[in-house]
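Since the structure comes first, as structure tokens, the remarks are kept for the end.
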Amino acid sequence: MAKVLLPKDALQRIKLGQAFAEYDIIRNDHELFVTTPATLSALNLDSSNCFFVGRRGAGKTAITFEVERRFSRTINIVPQIFDLLKLPLDHEQFLDTRQRPFKSLMHSMERALIDEVIKTWVTEGNLSFEKTSDTIRRERSLIEDCDFDQRVLNLTEEIFDAYTKDNDKLWLRQISRSKNLIAEINQIPAIAPLNYVLLIDRLDESWDGSNSAIICLMALMHATVRLIASTKHVKPYVFIRENIYDRIRSLDNEFSRLETSVVFLDWSPEKLIELVERRLVKPFTTKPKLGGEAWECFFEPEGLKTSASSVMSLCQNRPRDILMLASYAIDSAINHGNQKVKDSDMEVASKRYSTSRLKDLGDEYSENYPNISLVLEYFFGLGNEYTLVAIEDFIQKLLVTESISKYCRAWFYDHTTPFRFVEVLYGIGFLGIRRKKEVEYKESGKDSNAKPSFDNSSTFFIHPTYHEALNLQPLLLKDLRDETQLKNEGILEDLPDAFNRDEYKEALQGTLDNLRTLPKGHSGAREFEEIIGSIIKLCFFRSLTNVQPRARDLEGTSIRDWVASNRAPDGFWEVIRNKYGSTQIVWECKNYDVLKSDDFHQINYYLNDTFGRFGIIAFRGEEMKQNYYRHISNIINRNKSGIVVVLTQKDLEVFLRQAIKGAFKESHLQDKYDQTIRQIS
Numbered sequence: 022m023a024k025v026l027l028p029k030d031a032l033q034r035i036k037l038g039q040a041f042a043e044y045d046i047i048r049n050d051h052e053l054f055v056t057t058p059a060t061l062s063a064l065n066l067d068s069s070n071c072f073f074v075g076r077r078g079a080g081k082t083a084i085t086f087e088v089e090r091r092f093s094r095t096i097n098i099v100p101q102i103f104d105l106l107k108l109p110l111d112h113e114q115f116l117d118t119r120q121r122p123f124k125s126l127m128h129s130m131e132r133a134l135i136d137e138v139i140k141t142w143v144t145e146g147n148l149s150f151e152k153t154s155d156t157i158r159r160e161r162s163l164i165e166d167c168d169f170d171q172r173v174l175n176l177t178e179e180i181f182d183a184y185t186k187d188n189d190k191l192w193l194r195q196i197s198r199s200k201n202l203i204a205e206i207n208q209i210p211a212i213a214p215l216n217y218v219l220l221i222d223r224l225d226e227s228w229d230g231s232n233s234a235i236i237c238l239m240a241l242m243h244a245t246v247r248l249i250a251s252t253k254h255v256k257p258y259v260f261i262r263e264n265i266y267d268r269i270r271s272l273d274n275e276f277s278r279l280e281t282s283v284v285f286l287d288w289s290p291e292k293l294i295e296l297v298e299r300r301l302v303k304p305f306t307t308k309p310k311l312g313g314e315a316w317e318c319f320f321e322p323e324g325l326k327t328s329a330s331s332v333m334s335l336c337q338n339r340p341r342d343i344l345m346l347a348s349y350a351i352d353s354a355i356n357h358g359n360q361k362v363k364d365s366d367m368e369v370a371s372k373r374y375s376t377s378r379l380k381d382l383g384d385e386y387s388e389n390y391p392n393i394s395l396v397l398e399y400f401f402g403l404g405n406e407y408t409l410v411a412i413e414d415f416i417q418k419l420l421v422t423e424s425i426s427k428y429c430r431a432w433f434y435d436h437t438t439p440f441r442f443v444e445v446l447y448g449i450g451f452l453g454i455r456r457k458k459e460v461e462y463k464e465s466g467k468d469s470n471a472k473p474s475f476d477n478s479s480t481f482f483i484h485p486t487y488h489e490a491l492n493l494q495p496l497l498l499k500d501l502r503d504e505t506q507l508k509n510e511g512i513l514e515d516l517p518d519a520f521n522r523d524e525y526k527e528a529l530q531g532t533l534d535n536l537r538t539l540p541k542g543h544s545g546a547r548e549f550e551e552i553i554g555s556i557i558k559l560c561f562f563r564s565l566t567n568v569q570p571r572a573r574d575l576e577g578t579s580i581r582d583w584v585a586s587n588r589a590p591d592g593f594w595e596v597i598r599n600k601y602g603s604t605q606i607v608w609e610c611k612n613y614d615v616l617k618s619d620d621f622h623q624i625n626y627y628l629n630d631t632f633g634r635f636g637i638i639a640f641r642g643e644e645m646k647q648n649y650y651r652h653i654s655n656i657i658n659r660n661k662s663g664i665v666v667v668l669t670q671k672d673l674e675v676f677l678r679q680a681i682k683g684a685f686k687e688s689h690l691q692d693k694y695d696q697t698i699r700q701i702s
């Protein structure tokens, strides 16, 4: 059969979609979904697998969309509890999962999940409190009046109050409640309308990375395993980032209970090519075949860098990476008037992609290794391959570097032997170990406790993804001489204007301290405005620029809000600009903990075609009330003005804590936006 001939403007017709599944076209077009072993496991409701683990961008959220599409009885839970719940005891007391402190937390999580399913049954008319058992009726207020997070807070407060006061009878009663609930719901016939899948996703985006957060997640995971084993009515799926999973694996003394229920999100090169090809051919009536032919219709077949294998070598087997790199290459081809992607386009794309991935790597592992991006950037301008001696020389130079001692001391000094240092960089996918002619990189999901094998004769190769960003030379370094100076003059030195690193970290910490200590009310209003301005400039400088105050008078008082230009090239803010026309982002500042209807009316005035139709209210409250969502719903549905996202005190602290650790993530803000959309839909 002759090859399919595509029109000359084929590249312009392509819509590869967003690299972030939360905003990707896959939400509305399931034909673009690529089936993997992890997907098949998620769609098999008889399987005992319930934990889906993968690195950032591995496709966790995409699986939730497919499960929702295939099964109508699903419940989405995006927990905020890991940042809100403060454990009443020292975290060391929770490390033994067999003891009462951890059991108390686990049973609270289990009960909260059961109540979430019962709430859905009642809402959809499948169950009536009047016709059910006493055990379920006693839960009525928790079920009807609370969401998942509020329920966990209430339950943990009750059970730990009994525990700390040595009230054993009350403690046992609380522990037994989840068992009794399971027994009662199991008495209900296991007919289809009552079997629900709980999709617990993006649970690590609203926490501070503390040991307390990890322990709460451990408790949720143990509760999940117990539920799957004890009832057919509830099937929770928990989607976890790999670096968070590694922390749990190192802490949990009964991890064997969990690991048999884990599925890792592994992608083969063939599946990644299919992912791109499905999107490439979508706009065309006559489609080239998947499996290589479609790729060659859009990428120059004679080229070396445009070959599928070459592209795969850069992308570390992650769907987000391959979509990002392919999008950059197609943009370059269109800009240069090429009908196919050429090697020169791939070179342009590789530089842009490398910079983005290097920043993302530092962000992804900042929780495990705070400010690890500082260590990575000191490879700038050196070679791409090292002997063990050269690694040791590199470490010795880092030991006398002031910024490393200041910002990486929490982990770096425990990894200053060459073997431990290599383990860290190998574990995050930055370094590979050369085996004869091949280089071995860490496989996704490979046990981080299983140490990589190498010896004094081994050499270590930096992954090709990062070569462009670090300006690496194609040479093997056998040692680093005394006169070799480490430089950090590369692309990673990404700080707001007029700040050096020390000043930037001090400004972040100072802003966080001021936010925590500032009194609420009129007297602190002006200072709160200054704090919000600082947060925009310090935490969102990559996307929001030209931050300026916009003053207005309210009852004789000068009120100052902030307006920032949205010039994001990608990610969340780019989606907001495209969807709502928001070239300018308005931030309103409210230094009190309860919002009024007037607050929503005020920001409504800003939402127009000039500014765009997206605004933010920052206030000092600790929680979102239901009437806030009603006001937002009126703005978007009744007034047709736009969308408003409300940020609490906790949200503002999350932004600052992430930046202090060297992470610049938009995921928390994405989560707030998604939560708002779901509440008002």
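Under the numbering used here, the first residue of the sequence shown is numbered 22, with each subsequent residue one higher.
A virtual CB, placed ideally from N, CA and C, is assigned to each residue, including glycine.
Remember, it's a predicted structure, so these values are computed and weren't measured experimentally.
Cα-Cα, which of the options is closest to residue i?
i           : options               : result
residue 659 : 625, 672 and 361      : 625
residue 341 : 692, 534, 700 and 38  : 38
residue 604 : 611, 584, 620 and 617 : 584
residue 472 : 400, 480, 357 and 463 : 463
residue 643 : 527, 31 and 101       : 101
residue 681 : 525, 195, 280 and 263 : 525
residue 348 : 62, 300 and 675       : 300
residue 534 : 614, 549, 633 and 523 : 549
residue 454 : 407, 116 and 486      : 407
residue 663 : 669, 610 and 655      : 655
residue 505 : 693, 616, 418 and 307 : 418
residue 553 : 674, 195 and 621      : 674
residue 327 : 339, 346, 337 and 312 : 346
residue 316 : 362, 475 and 588      : 362
residue 351 : 367, 517 and 88       : 367
residue 216 : 92, 193, 297 and 495  : 92
residue 296 : 79, 688, 607 and 364  : 79
residue 517 : 489, 547 and 562      : 562
residue 414 : 429, 398 and 437      : 437
residue 386 : 266, 291 and 255      : 266
With a threshold of 16 other CB atoms inside 10 Å of the CB of residue i, please say whether the residue is buried or exposed.
i           : result
residue 412 : buried
residue 124 : buried
residue 577 : Any answer about residue 577 is weak, because its pLDDT of 45 lies below 50 and its placement is not dependable; what the coordinates show is given next. With fewer than 16 other Cβ atoms within 10 Å, it is exposed.
residue 612 : buried
residue 677 : buried
residue 434 : exposed
residue 647 : exposed
Taking the C-alpha atoms as reference points, what is the distance between residue i and residue j?
i           : j           : result
residue 243 : residue 159 : 25 Å
residue 441 : residue 530 : 30 Å
residue 282 : residue 70  : 4 Å
residue 304 : residue 360 : 16 Å
residue 67  : residue 245 : 15 Å
residue 508 : residue 388 : 24 Å
residue 633 : residue 319 : 36 Å
residue 288 : residue 450 : 15 Å
residue 700 : residue 249 : 28 Å
residue 696 : residue 24  : 47 Å
residue 439 : residue 131 : 44 Å
What residues are listed by DSSP as bridge partners for residue i?
i           : result
residue 678 : Beta-bridge pairing links residue 678 to no other residue.
residue 609 : 638
residue 494 : 404
residue 693 : Residue 693 is not bridged to any residue.
residue 583 : 570 and 608
residue 95  : 218
residue 196 : None, per the DSSP bridge assignment.
Identify whether residue i lies in helix, strand or coil by the three-state DSSP scheme.
i           : result
residue 440 : helix
residue 481 : strand
residue 434 : helix
residue 266 : helix
residue 577 : Only weak support is given to the placement of residue 577: the predicted model assigns it a pLDDT of 45, under 50, and the value that follows is read from those uncertain coordinates. Note: residue 577 maps to coil in three-state DSSP.
residue 256 : strand
residue 699 : helix
residue 511 : Caution is warranted here: a pLDDT of 46 is assigned to residue 511, below 50, making its placement in the model unreliable, and the coordinate value is therefore given only provisionally. In this structure, residue 511 counts as coil in the three-state DSSP scheme.
residue 527 : helix
residue 283 : strand
For a test of your reading of the model: does the CB of residue i fall under 6 Å from any non-hydrogen atom of the ligand ZN? Yes or no.
i           : result
residue 170 : For the ligand ZN, the structure offers nothing, since it holds no ligand at all.
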